[in-house]
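To start, the structure under review is shown below, and the notes come after it.
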Amino acid sequence: MQSKNEMKLEFDARSVNEGFARLSVAAFIAGENPTLDELSDIKTAVSEAVTNAIIHGYDDPEQKVVLCCRLEGKTIEITVEDRGKGIADVKTAMEPFYTTKPELERSGMGFAFMEAFMDEVQVISALGEGTKVIMRKRIGV
Amino acid sequence: MENYYEKENGCLTVFMPKEIDHHQANLLRMETDLLIDAYHVRRLVFDFSKTEFMDSSGIGVIIGRCRNLGYQGGEVSAQNLNERIQKIFLVSGLQKIIKIV
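Here the protein sequences come in this chain order: L and R. For the first sequence, numbering that gives the first Met the number 0 begins at 0 and goes up steadily by one. For the second sequence, numbering that gives the first Met the number 0 begins at 0 and goes up steadily by one.
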C-alpha cells in the first residue's frame, strides 16, 4: 500500500527555529528510508525557505511561519508559508545572487539552493499578503 | 567565544561549527571579524572537519570574508571539506573563488 502522511508546524519567526524546522522534516521522512544525500538536500532546502520567511517575510519575530509536509508514496511535498511582506517580483527574487539584504551578507543563493536540491520549487507571493514556497522531491528511488 | 579559533603568524584558522545556518552565521561572522582586526590576520583558513550542515548563509559569511580580506591583500582558503560541504561549494560556485586545500 502506498504510504500517506501529513504534518503541520507553526513557529515563531526566530532564527533559532531554522534548525528546529529542518530537523523536524528530517524526522518526519526518516521512515521512508531516504539516503543521507537526499536527507541533507531536503534539510538544506527547508533551511533556505524558513530563513527567507524569517529574514524577508517579517520584521517581528513573534509572527508565525507555517511548515507543512505531505508524504505520498515516495514523494515529499514541503510547504513553507509566511503571512508577511510578500515579494514584488518573484522571478527576479529567484535569480542567483539577487538579494534585498546585502548588508546582512545574504549570498542571494537561497532559491538557487532550493532549486538545486529539490525536484520542483514553486513560489506564490503577493505584496502585503505573504509568501508560500512549495517544494517537491522523490525520495528513496 | 563559542566557536574555536587558532592563530599563528598572521594566519587565523576558523573551526567551523557542526551546523552553519543563518542563526549560527551571525555569531561566526562577528567573532571572525573581531579576530581578523585584533590580530592583523593576512591569511584566513576555514576548517570544515566538524561541519555536517551548511546552507547559503554560510556561503554569505565566506564570500564576505573573502571580500574584506581581499581588499587588504590577504588570502582565504578552506580545508577538510566532507562530501556534503564539497557539494555546497560546487552548487554555489564557491570553489572558483576560494582555494581548497
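Cβ atoms here follow ideal geometry from the backbone N, Cα and C, with glycine treated the same way.
What is the DSSP secondary structure of residue i, reduced to helix, strand or coil?
i: K136 (chain L); result: strand
i: F88 (chain R); result: helix
i: T50 (chain R); result: coil
i: Y125 (chain R); result: Any property of residue 125 (chain R) remains undetermined from this structure, which presents chain R solely from 0 to 100.
i: R13 (chain L); result: coil
i: E31 (chain L); result: helix
i: Q94 (chain R); result: helix
i: I86 (chain L); result: coil
i: N79 (chain R); result: coil
i: T74 (chain L); result: strand
For residue i, is the classification buried or exposed, using 16 other Cβ atoms within 10 angstroms of its Cβ as the cut-off for buried?
i: K131 (chain L); result: buried
i: L11 (chain R); result: buried
i: F96 (chain L); result: exposed
i: L27 (chain R); result: buried
i: H22 (chain R); result: buried
i: M29 (chain R); result: exposed
Below 8 Å on the Cβ atoms is my contact criterion, and I expect residue i with residue j to pass it. Report the Cβ-Cβ distance as a whole number of Å.
i: V64 (chain L); j: V49 (chain L); result: 6 Å
i: G56 (chain L); j: A20 (chain L); result: So it is not a contact: roughly 14 Å between Cβ atoms.
i: K84 (chain L); j: G127 (chain L); result: 7 Å
i: Y38 (chain R); j: K6 (chain R); result: 5 Å
Just checking: is the beta-carbon of residue i within a distance shorter than 9 Å of some beta-carbon in chain L?
i: S90 (chain R); result: The sequence as given places Val at residue 90 (chain R); Ser does not occur at that position. V90 (chain R) counts as touching chain L.
i: G59 (chain R); result: yes
i: I99 (chain R); result: no
i: I87 (chain R); result: yes
i: G63 (chain R); result: yes
Taking 9 Å as the threshold (beta carbon to beta carbon), is residue i in contact with chain R?
i: R21 (chain L); result: yes
i: S124 (chain L); result: no
i: T130 (chain L); result: no
i: E119 (chain L); result: no
i: G139 (chain L); result: no
i: R135 (chain L); result: no
i: V89 (chain L); result: no
inquiry  = Against chain R, which members of the region 30 to 45 of chain L pass a CB distance test of less than 7 Å?
reply    = Hits within the stretch, in order: S39, K42, T43.
request  = Please name the residues in the region 7 to 30 of chain R whose beta-carbon is closer than 9 Å to at least one beta-carbon of chain L, in chain order.
outcome  = Taking a C-beta cut-off of 9 Å against chain L, the contacting residues of the region 7 to 30 of chain R are E18, D20, H21, H22, Q23, A24, N25, R28, listed in chain order.
query = Using Cβ-Cβ distances below 7 Å, what residues of the region 35 to 55 of chain R are close to chain L?
reply = Listed in sequence order: F52, D54, S55.
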